[in-house]
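Asker:
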Amino acid sequence: MADPAVVKGPGMLWVMSSISRPDIMDEKTYMKWYDEDHIAEIMETSGIHTAYRYKDVDIGKVDKPYLAFYPMKDLAFTLGQEFKKIRVKSDLLPGSGLCYDLADIDVRYVGLVGKTEYAAPKKESAPYLLLAGVYPSDDTLDSEVEKYYDEQIEELSKAKGYMRTTHFKLLYARSNAQSRALKGLPTTDAPPPEPPTRMALHEFSEEPDSGIREKLRTDKSNKVVADAKETEAILYKLVVSHGKKNFFE
Numbered sequence: 052m053a054d055p056a057v058v059k060g061p062g063m064l065w066v067m068s069s070i071s072r073p074d075i076m077d078e079k080t081y082m083k084w085y086d087e088d089h090i091a092e093i094m095e096t097s098g099i100h101t102a103y104r105y106k107d108v109d110i111g112k113v114d115k116p117y118l119a120f121y122p123m124k125d126l127a128f129t130l131g132q133e134f135k136k137i138r139v140k141s142d143l144l145p146g147s148g149l150c151y152d153l154a155d156i157d158v159r160y161v162g163l164v165g166k167t168e169y170a171a172p173k174k175e176s177a178p179y180l181l182l183a184g185v186y187p188s189d190d191t192l193d194s195e196v197e198k199y200y201d202e203q204i205e206e207l208s209k210a211k212g213y214m215r216t217t218h219f220k221l222l223y224a225r226s227n228a229q230s231r232a233l234k235g236l237p238t239t240d241a242p243p244p245e246p247p248t249r250m251a252l253h254e255f256s257e258e259p260d261s262g263i264r265e266k267l268r269t270d271k272s273n274k275v276v277a278d279a280k281e282t283e284a285i286l287y288k289l290v291v292s293h294g295k296k297n298f299f300e
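For the sequence shown, position 122 (counting from the first letter as 1) is numbered 173 according to our numbering, and the numbering increases by one without interruption.
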């Protein structure tokens, strides 16, 4: 269960998912539910006013290609009853109508650590997002992680189309098992996921060169990366944005 002492302040829900029942639900149905039912209801709450949906450019090759995230001023909203009442069952979904029966959904609660200013005045939601995550070793100092990201931002800021970077730390994570428990549904004793504990989101106005992502995936020259328990480098393309479209600006 999320710790109220930790889950608070500016941050976002970062939701990665895949369709687990392709025999009865296709992508079109899943996204119709997301946009017209689920996100529509979320936008009516008092604590979340912006939502984005992106898709992994490597869809078909990755575990969870669908991304939705929700920036908010105070993550403590996610611990209240209003948030917990958001429906996860819908007539738009087949079978039981319960999203957790049809999709594998991992949710990260991430707190905002810092951000850079836009390289040029923002005119639209970022068409591309490059996620650079790392789960540092137990021996790695926070200062080393900060330096690693500072150097990464300095390098990427020179790339064509670079817009801005926001930096986050993991506060809590849940998979279907914990999400079912949150909603008072029958669940299992499956452990919560252990995703990277630090992540940077690099916004781009156009698809960044493939070499940038490849370097993030394979370059072990930095000690933070070489010693890390896990790293990730994922490129997402914007599908749709909802609400006020404010991403910590």
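We put the beta carbon where it would ideally sit given N, CA and C, even for glycine.
Report the residue ranges of all alpha helix (DSSP H) runs contained in full by the region 52-138; include only those spanning at least 4 residues, in chain order.
Answerer: 78-84, 90-93, 132-135
Asker: Once DSSP output is grouped into helix, strand and coil, what is the label at Glu281?
Answerer: Locating residue 281 in the sequence shown gives position 230, counting from the first residue. DSSP places Glu281 within a strand segment (E or B) once states are collapsed to three.
Asker: Among Glu283, Ser71, Asp125, Phe134, which has the Cα closest to the Cα of Tyr186?
Answerer: Translated into positions along the sequence shown, residue 186 becomes position 135. For the residues Glu283, Ser71, Asp125, Phe134, the minimum Cα distance to Tyr186 belongs to Glu283.
Asker: Counting pairs of beta carbons, one from the region 190-200 and one from the region 252-261, are three or more of them closer than 8 Å?
Answerer: No, the region 190-200 is not in contact with the region 252-261.
Asker: What residue from Phe299, Phe298, Val291 has the CA that sits closest to Ala91's CA?
Answerer: By one-based count along the sequence shown, residue 91 stands at place 40. Among Phe299, Phe298, Val291, the Cα nearest to that of Ala91 belongs to Val291.
Asker: Counting Cβ pairs, one atom from each stretch, are 3 or more of them under 8 Å apart for the region 270-280 and the region 139-146?
Answerer: Not touching, per the Cβ criterion.
Asker: Is the separation between the beta-carbon of Leu180 and that of Glu254 shorter than 8 Å?
Answerer: Taking the first residue of the sequence shown as 1, we reach residue 180 at position 129. Taking the first residue of the sequence shown as 1, we reach residue 254 at position 203. Yes. Within cutoff.
Asker: Compute the beta-carbon to beta-carbon distance between Ile137 and Asn227, rounded to the nearest angstrom, for a pair I have assumed lies under 8 Å.
Answerer: Position 86 of the sequence shown, counted from the start, is the residue given in the question as residue 137. Position 176 of the sequence shown, counted from the start, is the residue given in the question as residue 227. Not quite, the Cβ-Cβ distance comes to about 16 Å (not below 8 Å), so this is no contact.
Asker: Can you tell which of Glu195, Arg215, Lys211 has the C-alpha that lies nearest to the C-alpha of Ile204?
Answerer: For the purposes of this step, residue 204 is taken as residue 153 along the sequence shown, with counting starting at 1. Of the listed residues, the one whose Cα sits closest to Ile204 is Arg215.
Asker: Would you grab the beta carbon distance between Thr239 and Lys220 for me? Rounded to a whole angstrom, and I think it's under 8 Å.
Answerer: Here the question's residue 239 lines up with position 188 in the sequence shown. Here the question's residue 220 lines up with position 169 in the sequence shown. Contact doesn't hold; Cβ gap of about 28 Å is too wide.
Asker: Are the beta-carbon atoms of Tyr105 and Ala170 separated by less than 8 Å?
Answerer: Within the sequence shown, numbered from 1, the residue matching residue 105 stands at position 54. Within the sequence shown, numbered from 1, the residue matching residue 170 stands at position 119. No, they are not a contact pair.
Asker: Report back the beta-carbon spacing between Pro122 and Met63 to the nearest angstrom; my notes put them in contact at under 8 Å.
Answerer: Within the sequence shown, numbered from 1, the residue matching residue 122 stands at position 71. Within the sequence shown, numbered from 1, the residue matching residue 63 stands at position 12. Right, the Cβ-Cβ distance comes to about 5 Å (below 8 Å), so this counts as a contact.
Asker: For Lys209 and Leu289, I'd like the C-alpha separation in whole angstroms.
Answerer: The residue given as residue 209 occupies position 158 in the sequence shown. The residue given as residue 289 occupies position 238 in the sequence shown. Approximately 22 Å, taken between the alpha carbons.
Asker: Using the C-alpha atoms, what's the distance from Met76 back to Ser11?
Answerer: No answer is possible for residue 11: the residues shown for the chain start at 52 and end at 300.
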